[in-house]
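Start counting the sequence shown at 0; every next residue gets the next number (numbering that gives the first Met the number 0).
Right, one structure below, let's go through it.
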Amino acid sequence: MIDSKDDMKISVLSSGSGGNVSYIETAKHKILLDSGLSGVKIKKLLSSINKNIEDVDTLLVTHEHNDHCKSVGVLARRYPQISVYANEKTWIAMDSKVGKISSFQKNIFPPNVVLSFDDLDIESFTVSHDAAQAQFYNFHHHNKSFVVLTDIGYISERIVKTIQNANAYVFECNHDVEMLRNGPYAWSLKQRILGDSGHLSNEDGADALIECIGNNTKNIFVGHRSHHNNTKLLAHSTVAEILKRHNFAVGNDFNLLDTDVNCPSKLITL
């Protein structure tokens, strides 16, 4: 594939219960989705894919949990060129965490709408999660699309219709159910994770992918893996096995890719 400056490029800088950050680039924008790590760490991860944090112009926030918004305030104050977007309920919920942010940088991204950013249309969609109003995003650029969907208890038909046949996904496969049930967490936390406002298991993530994958789908990142209730190998093998069982040609029609908190993915051109 010829690399064009007009293509959309993506990298999953970090994904997991320890922190979440993705990078999206077009000819006119360089965007971070979430900032669940320290500003210093995000700067280093960007540098490792040959990108400069000083070139980032937009930060989108999905919800107020610390593994998604840890350095929102730090990045906004340190890099005043960054415009920060979240829905109104999320701004209220993370107000005490992010500190003072200039009114010129603070923007509302309402739920379930499409906003145009020059050469990029970004579609927000709400999800079932125990946050003030968690929302994720579908990035559209020249008939290509990239969806990030983590931190969700279940996937409705509305969401499936919103995200079907994307070129690339970051899809939640948070935990192995048996590891979670037999693990060290308190029962109340286990119930929260397993509930309709918690997180998708490896099996649930794979089952949802079956409904979403289309002919355009070329890259799927297994995302938001729990450090305590999952392993990289188990998440990957479970998803691959279920997809193959439903006649998906994993590794041929599309790539099934692992993610990590400390190691970014390669920069992929869609």
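Note that CB positions come from ideal geometry on N, CA and C, so glycine has one too.
As the structure is a computational prediction, the values presented were derived from the model and not from experiment.
Return yes when the Cβ of residue j is within less than 8 angstroms of the Cβ of residue i, no when it is not.
{"i": "residue 231", "j": "residue 10", "result": "no"}
{"i": "residue 165", "j": "residue 125", "result": "no"}
{"i": "residue 32", "j": "residue 23", "result": "yes"}
{"i": "residue 269", "j": "residue 7", "result": "yes"}
{"i": "residue 183", "j": "residue 140", "result": "no"}
{"i": "residue 201", "j": "residue 234", "result": "yes"}
{"i": "residue 137", "j": "residue 67", "result": "no"}
{"i": "residue 249", "j": "residue 170", "result": "no"}
{"i": "residue 167", "j": "residue 267", "result": "yes"}
{"i": "residue 116", "j": "residue 57", "result": "yes"}
{"i": "residue 15", "j": "residue 224", "result": "yes"}
{"i": "residue 83", "j": "residue 71", "result": "yes"}
{"i": "residue 176", "j": "residue 204", "result": "no"}
{"i": "residue 109", "j": "residue 95", "result": "no"}
{"i": "residue 28", "j": "residue 119", "result": "yes"}
{"i": "residue 26", "j": "residue 50", "result": "no"}
Between which two residues does the beta strand (DSSP E) carrying residue i extend?
{"i": "residue 125", "result": "119-125"}
{"i": "residue 30", "result": "29-32"}
{"i": "residue 59", "result": "57-59"}
Note the first and the last residue of the continuous alpha helix (DSSP H) segment covering residue i.
{"i": "residue 8", "result": "Per DSSP, residue 8 belongs to no alpha helix (DSSP H); it is in the beta strand (DSSP E), 8-13."}
{"i": "residue 254", "result": "Note, residue 254: premise wrong, no alpha helix (DSSP H); beta strand (DSSP E) at 254-257."}
{"i": "residue 67", "result": "65-68"}
{"i": "residue 74", "result": "71-77"}
{"i": "residue 48", "result": "First-last for residue 48: undefined, no H or E at that position."}
{"i": "residue 97", "result": "94-97"}
{"i": "residue 187", "result": "186-193"}
{"i": "residue 179", "result": "176-180"}
On the three-state DSSP scale, how would you describe residue i?
{"i": "residue 213", "result": "coil"}
{"i": "residue 24", "result": "strand"}
{"i": "residue 85", "result": "strand"}
{"i": "residue 260", "result": "coil"}
{"i": "residue 267", "result": "strand"}
{"i": "residue 200", "result": "strand"}
{"i": "residue 0", "result": "Note that residue 0 scores 45 on pLDDT, short of 50, meaning its location in the model is unreliable and no value can be drawn from it."}
When burial is assigned at 16 or more other CB atoms within 10 Å of the CB, is residue i buried or exposed?
{"i": "residue 59", "result": "buried"}
{"i": "residue 54", "result": "exposed"}
{"i": "residue 107", "result": "exposed"}
{"i": "residue 21", "result": "buried"}
{"i": "residue 263", "result": "buried"}
{"i": "residue 103", "result": "exposed"}
{"i": "residue 91", "result": "exposed"}
{"i": "residue 173", "result": "buried"}
{"i": "residue 210", "result": "exposed"}
{"i": "residue 38", "result": "buried"}
{"i": "residue 65", "result": "exposed"}
{"i": "residue 132", "result": "buried"}
{"i": "residue 63", "result": "buried"}
{"i": "residue 85", "result": "buried"}
{"i": "residue 229", "result": "buried"}
{"i": "residue 0", "result": "Summary for residue 0: the model assigns pLDDT 45, below 50, so the residue's position carries little reliability, and this model does not support an answer."}
{"i": "residue 128", "result": "buried"}
{"i": "residue 80", "result": "exposed"}
{"i": "residue 245", "result": "exposed"}
{"i": "residue 134", "result": "buried"}
If we define contact as Cβ-Cβ less than 8 angstroms, is residue i a contact residue for chain D?
{"i": "residue 60", "result": "Absent from the structure: chain D. Only one protein chain is present."}
Which whole runs of the alpha helix (DSSP H) in the stretch 100-174 are 4 residues long or more, in chain order? 156-162
To test your reading of the DSSP string, which unbroken alpha helix (DSSP H) runs of 4 or more residues are found completely within the stretch 217-246? 231-244
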